[in-house]
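Under my numbering, the residue at position 273 of the sequence shown is numbered 261, and the numbers go up by one with no gaps. Where is the CB? At the ideal position from N, CA and C, for every residue including glycine. Note that the coordinates shown come from a computational prediction; the quantities given were computed from them, not determined experimentally. Have a look at the structure below before the remarks.
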Amino acid sequence: MAKLIDGKAFAKDLRGRIAGAVQELKTKHGFTPGLAVVLVGEDPASRVYVANKAKQTVEVGMNSWEHRLPASTSEADLLALVEKLNRDPACHGILVQLPLPKHIDSAKVLSAIDPAKDVDGFHVVNVGRLSTGQEALVACTPVGSVMLAKHTLGKLEGLEAVVIGRSNIVGKPVAQLLLAENCTVTIAHSKTRDLPGVVRRADLVIAAVGRPEMVKGDWLKPGACVIDVGINRIERDGKARLVGDCDFASCEKVAGAITPVPGGVGPMTIACLLHNTVKAACAIKGIATPAM
Ligand code: NAD
């Protein structure tokens, strides 16, 4: 049976280390990192997510600002708020919650954020820095996924890694991070031929597809490490349930280690957002980031 990779416990430890770093910045350098989150509209999942971000930001001792704007907010007004936050010296991280209402051009808004404050890592400057091996703010879920893989396997160098999914938010940045760890990386996607055959090569599988329980146990190399990024809401036996992109029941029989859903990658995302905010704050202040 596969070892369970406990993302919830890892994220809690990480938040503890972040809280220590924040305390050190306050006492030694006299400032408090601050994160502004902007939510446009009433999407219920986004509201819960933004509230959780704010709560955890305060819990690690950072400043938190929530800007809740109505769905009717114009693109110009949203851009004006981003510009105000870019200029605010107390704010070191800006996150605009996606998806935005259809009348707003998300790409335009994301590229208006100062790359130094882009704690979601979606600005093309940060994406370009990551892909050219430079210091960058990197998207949170990919960072959290690779942290869990390293925590489980130690050094990733030389491993065959298969990433399923090529989105800008997860698949591509995960692949870049694994490349930087010296893995041999394959990116599989919806047009990949013989996906089970490709996945069977992998020592490390990262599934970011958005298809419930697609990856089966008999697709895996015995002992492979499986990081399941998928979060899919399904109904089973009349009850609403969250499942990953991997069929947990069959995968746990073959894998060496596997993340559960929920409780695997999910809790890592906000922890990595806080991690990025501390990193951004230190870079803006021109001081070394404390160990976290
Ligand atoms: P997306 O829809 O943008 O991308 C999905 C990718 O999967 C695409 O690149 C597509 O080519 C690929 N794909 C689709 N069908 C496929 C198939 N049959 N075979 C192989 N590849 C296929 O999704 P995303 O934003 O990258 O998210 C992926 C999953 O991760 C979703 O379930 C999402 O909810 C979850 N997610 C979780 C977190 C978290 O915090 N844990 C964060 C972001 C996304």
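Identified DSSP bridge partners for residue i
i, result
"Ser52", "Leu23"
"Val150", "Thr174, Val193"
"Ile101", "For Ile101, which the question treats as bridged, DSSP gives no partner whatsoever."
"Lys(-9)", "Ala245"
"Gly232", "According to DSSP, which records beta bridges pairwise, Gly232 is partnered with nothing at all."
"Val36", "None, per the DSSP bridge assignment."
"Arg221", "Leu230"
Contacting residues, own chain, Cβ-Cβ under 8 Å from residue i (five flanking each side not counted)
i, result
"Ala212", "Ala190, Asp191, Leu192, Val193, Val242, Ala243, Gly244"
"Met(-11)", "Glu240, Lys241"
"Ala9", "Val266, Thr277, Pro278, Ala279, Met280"
"Arg5", "Ala279, Met280"
"Lys14", "Thr20, Gly49"
"Trp207", "Leu183, Pro184, Val187, Arg188"
Rounded Cβ spacing between residue i and residue j (contact assumed at less than 8 Å)
i, j, result
"Leu(-8)", "Ile246", "7 Å"
"Glu63", "Asp108", "Between Asp108 and Glu63 the Cβ distance is about 18 Å, and since that is not below 8 Å, they are no contact."
"Glu30", "Ala59", "6 Å"
"Val97", "Thr129", "No, Val97 and Thr129 are not in contact; Cβ-Cβ is about 20 Å, not under 8 Å."
"Ala176", "Val150", "6 Å"
"Ala237", "Pro21", "Contact flag wrong, Cβ pair sits at about 42 Å."
"Lys43", "Val25", "About 11 Å separates the two Cβ atoms, so there is no contact after all."
"Gln85", "Val38", "6 Å"
Beta-carbon contacts of residue i that lie in its chain and below 7 Å, excluding the five residues immediately before and after
i, result
"Val113", "Pro103"
"Thr180", "Val186"
"Arg154", "Lys160, Ile175, His177"
"Ala(-1)", "Pro255, Met256, Ala259"
Residue j beta carbon less than 8 Å from that of residue i
i, j, result
"His80", "Ile272", "yes"
"Arg221", "Leu230", "yes"
"Val28", "Leu73", "no"
"Ile219", "Gly254", "yes"
Own chain partners of residue i with C-beta closer than 6 Å, once the 5 adjacent residues on each side are dropped
i, result
"Leu147", "Cys171, Asp191, Leu192"
"Ile152", "Ala176, Ala195, Val197"
"Gly226", "none"
What residues come near the ligand NAD, if near means a beta carbon less than 5 Å from any of its heavy atoms?
Thr129, Gly153, Arg154, Ser155, Ile157, Val158, His177, Ser178, Ala196, Val197, Gly198, Val217, Gly218, Ile219, Val253, Gly254, Thr257
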